[in-house]
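Student: The structure's right below; bear with me while I get my questions together.
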Amino acid sequence: MEPIDAKPKLLLIDDQEDIHRLVTARLRHEQVEVVVSSSGAEGLALAKSQRPSAILLDLDMPGMDGFAVLRALKAEPLTTNIPVVIFSANSEADDKVMAFDLGAADFVRKSLDSSSDVAELKARLRAVLRLERLLRLLADRAEVDGLTGLGNRVQFDRRWKQEYSEHVRYGHPLTLLILDLDHFKKINDTYGHPAGDEVLQEFGRIVQSCSRTSDIACRFGGEEFVMILPNTNSQDAVVVADRVRLTLGKTLFPRHPEHSVTCSVGLAGTPLPGTMVSAEQWVEAADKALYAAKHGGRNRVVVGQAGPAAPPVAKAG
Amino acid sequence: MPTDPTTQNPPVNHAEIPLRSQFADDPDMREIVDIFVTEMPSRIEMLERVWREQQTEELKRLAHQLKGASGGYGFPAVGLVAAQLEQTLQTLGQGGSNGPGGVDSLRRQFEELLSMCKRVTG
């Protein structure tokens with residue numbers, strides 16, 4: 023996840039190099055990193071790859087003009103929510119109306135001649151960047167589980183869809199793990215909810231510590247957690263699952279040192295070649311494996327297999 | 002007390018007064034103002050060549066660029082003259098009714114722009 027505190031990027035799309043220099047110099051002390059582009063086409067590509075927090079867009083450019091760029095930015099899902107500030111020497115009423123109709127966030131006259139021009143540009147950019155930052159914080163918060171700090175169900179749904187699509191498109195290995203704390207209700211009932219919360223938090227920490235930066239760990243709900251492991255096959259995923267399981271088993275909980283906690287894990291890796299599996303069927307396969315783990319005695323990892331006619335579930339250590 | 006004309010300053014040739022950037026003392030701007038000043042001779046060369054070869058579209062583009070940038074670098078006077086030149090080119094290009102007077106205006110404004118650019122200094 024991108025750190026929320028990294029300097030936001032401002033993409034400047036203008037065909038004149040003088041403008042690149044002037045804007046960069048004037049914004050030097052603003053908390054922003056200026057990225058420049060000389061054309062609409064290049065600007066569009068950069069917007070998609072760099073995901074700037076805001077775009078400062080010239081209208082009068084050869085080739086693709088500002089309005090064409092604005093239309094394209096709004097039509098592309100990856101860039102549609104990036105606020106666009108039009109930067110134009112012309113401030114004709116018609117241009118303003120068109121710009122706002124197409125979804126521009128603001129319209130600033132292109133001039134850096136006077137201190138008031140510069141002050142105005144800075145103020146309007148700050149406002150746009152602040153709003154963007156707050157929206158991003160809000161979106162992030164809506165996807166985070168308050169207790170453990172892991173992603174929540176919403177995040178899992180979104181990320182699983184993404185990783186599944188990537189897998190389908192590029193064929194990289196992918197494994198899904200579902201981890202469920204054993205006898206969790208008993209812990210809550212016996213030692214109270216604060217104890218239960220601590221177990222959940224500690225489990226969240228263990229899961230995090232066993233994850234690589236590319237892995238996605240979420241709390242699915244209640245005492246169920248998921249880990250999406252991109253570029254990982256079942257065998258390597260079993261190693262991760264076992265590490266989590268064994269670490270949890272060895273963890274001492276001060277509130278109930280006599281009672282250790284275990285978890286069961288079901289996992290499903292890349293379907294057999296030639297089989298077509300939906301994202302949902304894949305989750306079901308991991309779930310079936312988890313069920314087998316629970317009913318096989320708990321505190322174990324079971325490997326499932328996603329596939330329309332899935333072979334019998336294999337057991338693992 | 003009436004001033005003694007013999008002690009007054011000799012008449013000044015305005016074409017020789019150097020133009021300094023309004024932002025020359027701004028540490029944030031110093032570097033890029035220097036670049037602008039350093040690049041000026043080649044801009045002047047381009048203007049002269051384009052004029053010689055009567056490339057009106059290219060001349061308009063160069064004037065447009067100077068109009069847009071000069072003020073930012075702290076040379077608003079250059080920007081103003083460039084704006085006038087661009088406007089005249091625009092009018093003439095649209096079959097403006099200036100006739101021979103129009104072409105004279107154009108030449109005068111072009112030379113004024115050149116002269117201003119040559120005065121730009123760091």
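Same order as they appear, the protein sequences are chains L and X. Quick note, the first sequence lines up with residues 23 to 339 if you use our numbering. Quick note, the second sequence lines up with residues 2 to 123 if you use our numbering. Think of the CB as a built atom: it goes at the ideal place given N, C-alpha and C, for glycine as much as any other residue. The structure presented is a predicted model; accordingly, all values stated were derived computationally and were not measured.
(1) Does the beta carbon of residue 241 of chain L sit closer than 8 Å to a beta carbon anywhere in chain X?
(2) Using a beta-carbon distance cut-off of less than 7 Å, what residues from the stretch 61-85 of chain L approach chain X?
(3) CB-CB under 7 Å to residue 67 of chain X, same chain, minus the five flanking residues each way: which ones, in chain order?
(4) Could you compute how far the alpha carbon of residue 28 of chain L sits from the alpha carbon of residue 159 of chain L?
(5) Of all Cβ atoms in chain X, is any one closer than 8 Å to the Cβ of residue 47 of chain L?
(6) Which residues in the same chain as residue 112 of chain L place their Cβ atom closer than 8 Å to its Cβ, once the five residues preceding and following it in sequence are excluded?
(7) Could you pull the DSSP bridge partners for residue 59 of chain L from this structure?
(8) Taking its Cβ as the centre, do 16 or more other Cβ atoms sit within 10 Å of residue 75 of chain L, making it buried, or is it exposed?
(9) Roughly how many angstroms separate the alpha carbons of residue 65 of chain X and residue 87 of chain X, rounded to a whole number?
(10) For residue 38 of chain X, which residues in the same chain have their Cβ closer than 7 Å to its Cβ, ignoring the five residues on either side in sequence?
(11) With H, G and I counted as helix, E and B as strand and the rest as coil, what does DSSP make of residue 122 of chain L?
(12) Check whether the Cβ atoms of residue 293 of chain L and residue 185 of chain L lie closer than 8 Å to each other.
(13) Going by DSSP, what residue range makes up the alpha helix (DSSP H) through residue 89 of chain L?
(14) Buried or exposed: residue 131 of chain L, going by 16 or more other Cβ atoms within 10 Å of its Cβ?
(15) Check distances from the C-beta atoms of the stretch 74-107 of chain X to those of chain L and list, in chain order, the residues that come in under 9 Å.
(16) From the DSSP output, read off the bridge partner residues of residue 166 of chain L.
(17) With a threshold of 16 other CB atoms inside 10 Å of the CB of residue 283 of chain L, please say whether the residue is buried or exposed.
(18) Considering Cα atoms alone, identify which of L/164, L/45, L/312 and L/275 is closest to residue 221 of chain L.
(19) Could you work out which residues of chain L lie near residue 72 of chain X, taking near to mean beta carbons separated by less than 9 Å?
(20) Under a three-way DSSP split, which group does residue 104 of chain L fall into?
(21) Based on the DSSP output, what are the partners of residue 252 of chain L in its beta bridges?
(22) Would you give the residue range spanned by the alpha helix (DSSP H) that residue 31 of chain X belongs to?
(23) Report the option in L/259, L/118, L/162 and L/105 whose CA atom is closest to the CA atom of residue 152 of chain L.
(24) Cβ closer than 8 Å: which chain X residues qualify as neighbours of residue 44 of chain L?
(25) Answer yes or no: do residue 199 of chain L and residue 261 of chain L have a C-beta to C-beta separation smaller than 8 Å?
(26) Going along chain L in order, which residues have a C-beta closer than 8 Å to the C-beta of residue 36 of chain X?
(27) Any chance the stretch 234-251 of chain L sits against the stretch 193-209 of chain L, with 3 or more Cβ pairs inside 8 Å?
(28) Which residue's Cα is closest to the Cα of residue 305 of chain L: L/280, L/254 and L/249?
Tutor: On the basis of the data shown:
(1) no
(2) Those residues of the stretch 61-85 of chain L that come within reach of chain X (Cβ to Cβ, closer than 7 Å) do not exist; the list is empty.
(3) 79, 80 and 83
(4) 13 Å
(5) yes
(6) 81 and 82
(7) L/35
(8) buried
(9) Taking the CA atoms as reference points, residue 65 of chain X sits about 6 Å from residue 87 of chain X.
(10) 121, 122 and 123
(11) helix
(12) no
(13) 88-97
(14) exposed
(15) Residues passing the 9 Å Cβ filter: 74, 75, 77 and 80.
(16) L/173
(17) buried
(18) Of the candidates L/164, L/45, L/312 and L/275, the one whose C-alpha sits nearest the C-alpha of residue 221 of chain L is L/275.
(19) Within chain L, the residues near residue 72 of chain X are 133, 134, 135, 136 and 139.
(20) coil
(21) According to the DSSP secondary-structure assignment, residue 252 of chain L is paired through a beta bridge with L/196.
(22) Segment 28-53, the alpha helix (DSSP H) holding residue 31 of chain X.
(23) Sorting L/259, L/118, L/162 and L/105 by C-alpha distance to the C-alpha of residue 152 of chain L places L/105 at the top.
(24) 33, 70, 73 and 74
(25) no
(26) By Cβ distance, chain L contributes 43.
(27) yes
(28) L/249
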